[in-house]
Amino acid sequence: MDRDGLRARPDHDWQQAVVQALCDSPVLGDRGARAMLAELIGDRLGRPVVLREQATTQLQLLELVRFCVREEIAANHGLSALADAVSLLEGHSRTADAVSELVREHAVRSASSPAPSRALGSPPRPPSPADRPAHLFASHPVVGTPTIWGNIPPRNPNFTGREELLDKLHQRLLPEKATAVLPHTLHGMGGVGKSLLAVEYLYRRMAEYDVVWWISAERTAQISLSLVELAPRLGLPTGSDVSSTVASVLEALRIGVPYANWILVFDNAESPESVRQFFPAGGPGNILVTSRNPQWASVARPLEVDVFMREESKQLLRIRGPEISDAEADRLAEALGDLPLAIEQAAAWHAETGMPVDEYLRLLDEKRVDLLRGTAPLGNQHPVIAAWNISLDRLEAKSPAAYQLLKVCSFYAPEPIARTMFMRMPPSPITPELDAALEDPIRLGQAIRDIGRYSLARFDHRAKSLQMHRLVQAALQFRMTEKDRATMRRGAHMLLVASDPNDPDNALRWDRYGTLYPHVVVSGAVQSDEAWVHRLVVNEVKYLLRWGDYESCLELARSAYEDWSRRLGEEHAQTLQIAHWLGFVHFNMGRYKEAAELNTTTLEAHLRLLGPHHQDTFDALGNVALDHRVRGAFAEALELSDSVHQQYLRLMGPDDPETLRAAHNLGVSLRLVGEFARAYELDQQTWRKRAQIFGQDHIASLGTWLGMIVDLRELGYYETALTYHREITEQATTLLGDSNPITLSCHRLLAVALRKAGEHEEAAATAERIRAELVRRYGDHNPESMAATLELPIHLRHRGNVEEALRLGTEICHRYEETYGKHHPHALSAAVNLAITYRLLGDAAAAQYIDAVALAQLTEGLGATHPSTLVCRTNLASDHYALGDAADALRLDTETLRGFREVFDTDHPSTLACAANLAMDLRAVGRVEEAEALHGDTHNRLLRTLGSGHPAVTQASDRDHRADCDIDPMPL
């Protein structure tokens, strides 16, 4: 130890004063509370700390204080960690105040001491391994800690026995014997301690792993959320899209980069079919599953977890109650069936009350008889439920608020319940006692401690969450009358409502919605009659949609729609509201038929009930506009979008967020009909207002900005659009992550912008990369995946790989026809692009046929002057030229050039491409002087518009090279 370290060490008297303050605490007289204090300190210092079990209270506390002193010397803020941990454990108490005052006193004394000698501005020296104090527990020392240690529940300080099972599990998970393809399962009935066994194994063997990650596996949404949480710890980018991030995590684990030595624990996994999709497909790590479902035996190596052996039961009872005789412990264990959960409950009861064993056994018999008189839940669990009922009776009498809080929590999922859920007052009262505790942090802290004393729930101080075993929940609900159950379930819903930030479109709120989601589902929030709760359900649907978990979103939205339709009526306001979002979920999933049917029904109901001028009717019209786009009826969609926007302007004014949403949707419709100048003007106004209201980094602002950039590109400002495309892509990646749908759209459209600006190599690389990502994430038939695939044949043609361009172009053309129908403008656009490939392969006749059919249908569907129609006519002229029919080519190009100049302007790149082709037509029919004049003017304009380095300028210099024009369909 250097001189600075000696100078910083608090003296012996000061340490003894802190220990004395801790010994005066009534809470820390309990061994479990001391273990919890050690865990809290370890959490704050980044290293697990476990006390020697056989040491006296004073020695354990002295070890803790000395440990914190050593950490303070190593610049790890050990003393402040001690003060914080005591405050968390005890709340505002004399002990907490005394320890805090002693720590402050030491800080003042240290500040007045000479400062350690190091260069001004240099960071403190990090402690070396030699500086680290030895771990304080003797039975199972840990020589190192994992790099990543995530969501593991607190270690049970009273864990007993199970040595043979732990050894078997360790042998099975040895590197030469384990495989991530075949997971290992801890299987057994409820209450035998499967999860506790897994937790104990992880704490004992943590030094053998780089990554230890615990996953609550009852619902697929929770598994996804946990794996998304793991992504940044592995150095992987994250975004709002779940499937992409999860796939990246599983792949990183499979290849063992950056960490090869990992273990994932899937706790309380139900069906293998729903969980196995989240297993890495091989790899160097381990997978451990805990489950009550015997089906896991067919897909994993099972390790049966049974009740305690008798000696293990007796050992646990006597750890908490050393005065219990061997014979008494044997009788207790016999009465409780050696079920670990029941044994722990009885031990906690005895430690808290000191009740003689004979009296406890009498109470146990009474409770068992009561259970047998009724229809008890989980009949084979009578011993533990009877044991809990004894503790619950005592808690109800001693602390009504704690008992009622426990009853409310019995309706939540058996997963962590954030303490913050109890820190916001519900919108309406629950019970007088519970309301008083919720209003007073001191009372609330006392209630939570009372629950913990009887081992009725576990409080994780690191995660600041409460978790109940499903059997405790069953026992509590069994005790309630129907009226009581209704009251407490409603209370559970009210606390969930109080935690609803009512902002599901804000990515900063998604963590909270993810935490609430399992409790919303399990508590039966869908079945509530409260409008507040219905709003929460709708917000969860919107969150799941924005987050990208479409399957869970569909499940929740559909269950709400079906339940509310049945109970409230199909035309109730809340039923229609969830119908709106269910229709939007269908649309996002590509379930277009279901979306159209539901959206039409919903609109008819709104028109009948509310009339055409109600906001809900406007929203229903917006959904129907989506259906029109899917059908290819772009003009009808524009009419609806414009009508909705005008209605919002009259009802809400120009600056209301709903009006701006309608304006954004109108911009989408304007792009689809080719009115890019009008779209740009509107998008510019919308973006400015959204940026002012939400900020430039909000998803709404980014979405409108992206549309505005596409407008610029289609108006021919290629370089400006590319600059903005690079900027928004970088910003979206930074703010939202690589896999956010907006980020992926930015990358896809960046590839188009790069191609338009002449950066063909970078464009091709970007297009290939983003197409692979979109197909992997969405599948082949998603609109974004299809648009990305449509881009690739263009780059293949540029590289000279025309045969492959034909194959892929044919494939994507058929996919567009299957998805939207042969006459949809997007399917026709794919056909026009395919025709170019046929012509380049020498089959101009096939190209002419395709373009002629497409031109007739585009003219009928979009009009003769729509940009897509003009592009098709340009290519049809090239087909005629290739077939030697220069006169028809001249006629078509002359008409088309006139159209381009009317729709765009003289210097638009598409106008100039058509003009360059027209110059070739003129030359071919012998009008050489006109051809030369037009060619020279066109070349100069291209040079001025695109710059000398653009490939189109180089090609225009060649009087024999015709310009091929592709169509880039606008997003629906």
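Residue 842 in the numbering used here sits at position 815 of the sequence shown, and the numbers go up by one each step.
For every residue, glycine included, the Cβ atom is placed at its ideal position computed from N, Cα and C.
Check, Outcome
"From Thr933 to Phe927, what does the alpha carbon distance come to, in whole angstroms?", "8 Å"
"Could you spell out the range, first to last residue, of the beta strand (DSSP E) harbouring Gly953?", "That residue, Gly953, is in no beta strand (DSSP E); it is neither H nor E in DSSP."
"Alpha carbons only, please: which of Arg232, Leu254 and Val332 is nearest the one belonging to Gly188?", "Val332"
"Are the CB atoms of Leu543 and Leu523 nearer to each other than 7 Å?", "yes"
"Can Ala874 and Arg866 be called in contact, C-beta distance under 7 Å?", "yes"
"Return helix, strand or coil for Pro978, following the three-state DSSP convention.", "helix"
"So, Ala652 versus His672, is the Cβ gap smaller than 7 Å?", "no"
"With 16 other CB atoms within 10 Å as the buried threshold, where does Asp538 fall?", "exposed"
"Below 7 Å CB to CB, which residues in the same chain sit around Thr892 once its five sequence neighbours on both sides are set aside?", "Gly926, Glu929 and Val930"
"With distance defined between alpha-carbon atoms, name the residue in Glu621, Leu636, Arg677 and Pro684 nearest to Val657.", "Glu621"
"Could you tell me the alpha carbon to alpha carbon distance between Val565 and Asn529, rounded to whole angstroms?", "10 Å"
"Whose C-alpha, out of Asn828, Val880 and Gly890, is nearest the C-alpha of Leu868?", "Asn828"
"Since Gln500 and His561 should fall inside the 8 Å C-beta cutoff, what is the C-beta to C-beta distance between them, to a whole number of angstroms?", "Not quite, the Cβ-Cβ distance comes to about 24 Å (not below 8 Å), so this is no contact."
"Could you tell me which whole alpha helix (DSSP H) segments of length 4 or greater appear in the region 504 to 568?", "509 to 525 and 537 to 549"
"Is the region 464 to 478 in contact with the region 506 to 518, if contact means three or more CB pairs nearer than 8 Å?", "no"
"Quick check: the region 940 to 951 against the region 910 to 925, are at least 3 beta-carbon pairs closer than 8 Å?", "yes"
"Val548 to Glu509, Cα distance in whole Å?", "20 Å"
"At 3 residues or longer, what runs of the beta strand (DSSP E) sit wholly inside the region 887 to 940?", "none"
"Report the three-state DSSP secondary structure of Val219 (helix, strand or coil).", "coil"
"Tell me, please, whether the region 252 to 262 touches the region 209 to 217 by the rule of three or more beta-carbon pairs shorter than 8 Å.", "no"
"Under a three-way DSSP split, which group does Ile351 fall into?", "coil"
"Just checking, does the region 274 to 293 make contact with the region 321 to 328 on the three C-beta pairs under 8 Å criterion?", "no"
"On the criterion of 16 or more Cβ atoms from any shown chain inside 10 Å, does Pro978 qualify as buried, or is it exposed?", "exposed"
"For Asp724, which of helix, strand or coil comes out of DSSP?", "coil"
"Determine the direct distance from the alpha carbon of Ala244 to that of Leu583, and round the result to whole angstroms.", "18 Å"
"Check Gly963 in the structure and name its three-state DSSP category.", "helix"
"Give every residue of the same chain whose Cβ lies closer than 6 Å to the Cβ of Ala1004, excluding the five residues on either side of it in the sequence, and list them in chain order.", "Lying outside 28 to 999, the shown extent of the chain, residue 1004 is not represented and no answer is given."
"If contacts are defined as beta-carbon pairs under 8 Å, then Ser482 and Ala445 qualify, I think. What distance do you get, rounded to the angstrom?", "Not a contact, Cβ separation roughly 21 Å."
"Starting from Leu390, follow its DSSP beta bridges and name the residues at the other end.", "According to DSSP, Leu390 bridges with nothing at all."
"Which first and last residues belong to the alpha helix (DSSP H) in which Glu845 is found?", "Val829 to Tyr847"
"In whole angstroms, what separates the C-alpha of Asp158 from that of Gly105?", "For Asp158, the predicted model reports a pLDDT of 32, less than 50, meaning its position is unreliable; a value from the coordinates is still stated below. Each residue's alpha carbon lies about 14 Å from the other."
"Output the residue ranges of the beta strand (DSSP E) runs that lie fully inside the region 240 to 313 and measure 3 residues or longer, sorted by chain position.", "289 to 294"
"Could you check what DSSP says for Leu733 in three-state terms: helix, strand or coil?", "helix"
"So, are the CB atoms of Val898 and Cys840 less than 7 Å apart?", "no"
"Are Glu688 and Leu697 close, meaning C-beta to C-beta below 7 Å?", "The sequence given here places Arg at residue 688; Glu does not occur at that position. Contact flag unset, no."
"Relative to the C-alpha of Leu1009, which residue among Ala296, Gly701 and Val880 is closest?", "Residue 1009 lies beyond the range of the chain shown here (28 to 999); nothing can be said about it."
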